[in-house]
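The next block holds one structure in the form of structure tokens; read it before the comments.
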Amino acid sequence: MPNLDLPILVVDDAKFSSMVVARTLRNAGYRDIRIANNAPAALALMDQRPVSVLIADWLMPEMDGLQLTDQVRQQDEQNNHYTYVILLTARESVEALSEAFDRGVDDFIYKSDMTKQLIPRIFAADRMADRQNTLLRANALLVENNRELESSNIIDLETGLTNSKYARQRLQKTLRHAESRGGSTAYVMCGIRNWQDLKRKHPPSVMSELSVGIARRLSTLIRPIDALCRIGDNQFVIVSYFPDSDHCTTTAFRRIYDGINHKALKTTAGFISVEAGMVLCKADAQNGTPSVQDVERTAVQGLVDAYETRRFTETAPEIRESVQ
Numbered sequence: 000m001p002n003l004d005l006p007i008l009v010v011d012d013a014k015f016s017s018m019v020v021a022r023t024l025r026n027a028g029y030r031d032i033r034i035a036n037n038a039p040a041a042l043a044l045m046d047q048r049p050v051s052v053l054i055a056d057w058l059m060p061e062m063d064g065l066q067l068t069d070q071v072r073q074q075d076e077q078n079n080h081y082t083y084v085i086l087l088t089a090r091e092s093v094e095a096l097s098e099a100f101d102r103g104v105d106d107f108i109y110k111s112d113m114t115k116q117l118i119p120r121i122f123a124a125d126r127m128a129d130r131q132n133t134l135l136r137a138n139a140l141l142v143e144n145n146r147e148l149e150s151s152n153i154i155d156l157e158t159g160l161t162n163s164k165y166a167r168q169r170l171q172k173t174l175r176h177a178e179s180r181g182g183s184t185a186y187v188m189c190g191i192r193n194w195q196d197l198k199r200k201h202p203p204s205v206m207s208e209l210s211v212g213i214a215r216r217l218s219t220l221i222r223p224i225d226a227l228c229r230i231g232d233n234q235f236v237i238v239s240y241f242p243d244s245d246h247c248t249t250t251a252f253r254r255i256y257d258g259i260n261h262k263a264l265k266t267t268a269g270f271i272s273v274e275a276g277m278v279l280c281k282a283d284a285q286n287g288t289p290s291v292q293d294v295e296r297t298a299v300q301g302l303v304d305a306y307e308t309r310r311f312t313e314t315a316p317e318i319r320e321s322v323q
């Protein structure tokens, strides 16, 4: 069944011609028909309310049908909308019609046979415009859903570990837990020192295997109560809580450091050895509670030192006094 509420705009500088088109449409039952006497007026009407079908004369003063089509396509792009454009023409040359299609025109109706062609072409235009606009709306909804998923996503898709967003959330909770219960928060950053050298030697597929392999290796080495997160291509963090501050030392994580550095990882390119640098950033609750940003900043600085010294280093964030 035709959609008799289909929004249609008729544009023709000859009032008699536009009235004939409008009357033919109304006689067929269409109710939402607007008329413009020139292209600028048509664009103004479409800016107020989009239409599904635009019927325009090819030859008009100021702006012809092709120039109008160019403007409509730009307007559609801005509004995430599709307007089906039909030109009324007496021109039948292949070259002229080919140019019009290249400019974005959807269909033609020859003026000599307008009364017979108009309604069947409107039926087709209705279906095509509805299909295109349905797809545009669905795509816009998909884009919005993807934005929402990305904003709430806490998973690193390549390795299956949690990501940097979750690492910050977990660090914040652990710092608050230590603040109320005592003990220490451990923020252990592990970086692959020779990552860039490996990237130059191996294709992305192998590097992806290596990332997954490192993630699996680390997962088997941490305690079940610890959080393991991937915060960059070659950087991982472990967030832990120790009720007894004396137990929060590099010794507690030595098995992880040795497990990454002393045993190669198997890939399709063979066994690959990585050089891991590690730093323990310790926040002891009895000394005060640092901010998440201070812990992260201190850990990054400590990792640089670990790369240079090739040792598992330990550091602590500076506690800034809050302004009362």
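Using numbering that gives the first Met the number 0, the first residue of the sequence shown is number 0, and each one after it goes up by one.
Built from N, CA and C at the ideal position, the CB exists for glycine as well.
Given that a residue counts as buried once 16 or more other Cβ atoms are within 10 Å of its Cβ, and exposed if not, what is residue i?
i, result
"Arg-309", "exposed"
"Leu-24", "buried"
"Ser-151", "exposed"
"Tyr-83", "buried"
"Thr-219", "exposed"
"Ile-191", "buried"
"Val-322", "Its pLDDT being 39, under 50, Val-322 is placed unreliably in this model, and the coordinates cannot settle the point."
"Asp-283", "buried"
"Ile-237", "buried"
"Thr-114", "exposed"
"Asn-78", "exposed"
"Lys-281", "buried"
"Glu-295", "buried"
"Arg-324", "In the structure displayed, the chain extends from 0 to 323; residue 324 sits before or after that span and is not available."
"Ile-54", "buried"
"Thr-68", "buried"
"Gly-269", "exposed"
"Arg-126", "exposed"
Classify residue i as helix, strand or coil using the three-state DSSP reduction.
i, result
"Met-59", "coil"
"Ile-85", "strand"
"Gly-64", "helix"
"Tyr-29", "coil"
"Glu-157", "coil"
"Arg-22", "helix"
"Gln-171", "helix"
"Val-71", "helix"
"Leu-5", "coil"
"Asp-245", "helix"
"Ile-271", "strand"
"Ile-213", "helix"
"Glu-317", "coil"
"Thr-312", "strand"
"Lys-265", "strand"
Return the Cβ separation of residue i and residue j in integer angstroms, given the expectation that the two are a contact with Cβ distance under 8 Å.
i, j, result
"Phe-107", "Thr-88", "6 Å"
"Gly-182", "Asp-257", "About 25 Å separates the two Cβ atoms, so there is no contact after all."
"Ile-259", "Ile-213", "7 Å"
"Phe-241", "Ala-315", "The Cβ separation is near 14 Å, so there is no contact."
"Leu-160", "Arg-216", "Not really, about 12 Å apart at Cβ, beyond 8 Å."
"Val-273", "Asn-193", "6 Å"
"Ala-124", "Val-52", "5 Å"
"Glu-157", "Ser-204", "Not quite, the Cβ-Cβ distance comes to about 12 Å (not below 8 Å), so this is no contact."
"Thr-297", "Asp-304", "Thr-297 to Asp-304, Cβ: 11 Å. No contact."
Considering only the alpha carbon of each residue, which of the options lies closest to residue i?
i, options, result
"Ala-27", "Asp-12, Asp-4, Phe-15, Arg-192", "Asp-4"
"Ile-230", "Arg-199, Arg-169, Ala-251", "Arg-169"
"Ser-210", "His-261, Arg-167, Thr-266", "Thr-266"
"Ser-239", "Lys-198, Thr-173, Ala-298", "Thr-173"
"Asn-286", "Leu-67, Gln-116, Arg-120, Ser-179", "Ser-179"
"Pro-60", "Gln-70, Leu-42, Asn-36", "Asn-36"
"Ala-137", "Gln-66, His-80, Val-9", "His-80"
"Pro-1", "Gln-73, Leu-279, Phe-122", "Phe-122"
"Tyr-29", "Arg-319, Pro-39, Leu-8, Glu-143", "Leu-8"
"Ala-166", "Ala-226, Glu-94, Asp-46", "Ala-226"
Going by DSSP, which residues form a beta bridge with residue i?
i, result
"Cys-338", "Summary: the structure shown does not reach residue 338, with the chain confined to residues 0 through 323, and so no result is reported for it."
"Val-104", "DSSP lists no partner for Val-104."
"Asp-324", "Because the chain in this structure spans residues 0 to 323, residue 324 falls outside the shown range and cannot be described."
"Glu-295", "Paired residues: none, contrary to the question."
"Gly-190", "Gln-234, Gly-276"
"Tyr-109", "Thr-88"
"Leu-330", "The chain is shown only over 0 to 323; residue 330 falls outside these bounds and no answer can be derived."
"Ala-35", "Val-10"
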